[in-house]
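These notes concern the structure reproduced below.
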Amino acid sequence: MYNEIVTDHFTHPRNVGVIENADAEGSVGNPVCGDYMTIYVKVDQGRIAEARFQTFGCSAAIAASSMMTEMVKGKTLDEAMTLTNMDIAKALGGLPQSKIHCSVLAADALHAAVREYRKRK
Ligand code: FES
């Protein structure tokens, strides 16, 4: 069902966990499948210096979170806000149609974290 990239990110997820002194965090859930995701970010000079995640969800949601945290490192906040779920799905080499919403969760959590950061500053 999943390609090699997705399987790699699911079985060896990057950047799992909490950033204790995060500059912001964003949480989203999907009421249909019940999956839940929190993204933590550290921001340095307007760029995302570190991103970590906790995902309670399916394989694709974990792979999407992992890929997203890799993709967003070093990006400006504006760039992070333009990262779409399709960018994440593409970087993963594609997701089954029924799993596209898992990548939406990852993009939404990232955007929520950036919005939270901007609200705090
Ligand atoms: Fe809902 Fe994957 S099945 S996020």
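The sequence shown maps to residues 1303 to 1423 in my numbering.
Virtual Cβ for every residue (Gly too), placed ideally from N, Cα, C.
So, under 8 Å CB-CB, residue i and residue j are touching, yes? Tell me the CB distance rounded to an integer number of Å.
i     : j     : result
M1370 : L1397 : At roughly 13 Å, the Cβ-Cβ gap does not stay under 8 Å, so M1370 and L1397 are not in contact.
S1405 : I1390 : 5 Å
G1331 : Y1338 : 4 Å
A1363 : L1407 : 6 Å
Please report how far the alpha carbon of residue i lies from the alpha carbon of residue j, in whole angstroms.
i     : j     : result
E1322 : C1335 : 28 Å
T1378 : T1340 : 20 Å
T1386 : G1319 : 22 Å
T1384 : D1410 : 11 Å
E1418 : F1355 : 15 Å
K1423 : V1416 : 11 Å
D1346 : A1393 : 25 Å
T1307 : T1313 : Before going further, note that residue 1307 is Ile rather than Thr in the sequence given. Whole-angstrom Cα-Cα distance: 10 Å.
Starting from the C-beta of residue i, find all residues in its chain whose C-beta is less than 7 Å away, skip the five residues before and the five after it, and write them out in chain order.
i     : result
S1368 : H1311, P1315, R1316, N1317
A1324 : Y1342, V1343, K1344
For residue i, does the count of other Cβ atoms within 10 angstroms reach 16, so buried, or fall short, so exposed?
i     : result
G1328 : buried
M1373 : buried
T1357 : buried
G1348 : exposed
A1351 : exposed
G1376 : exposed
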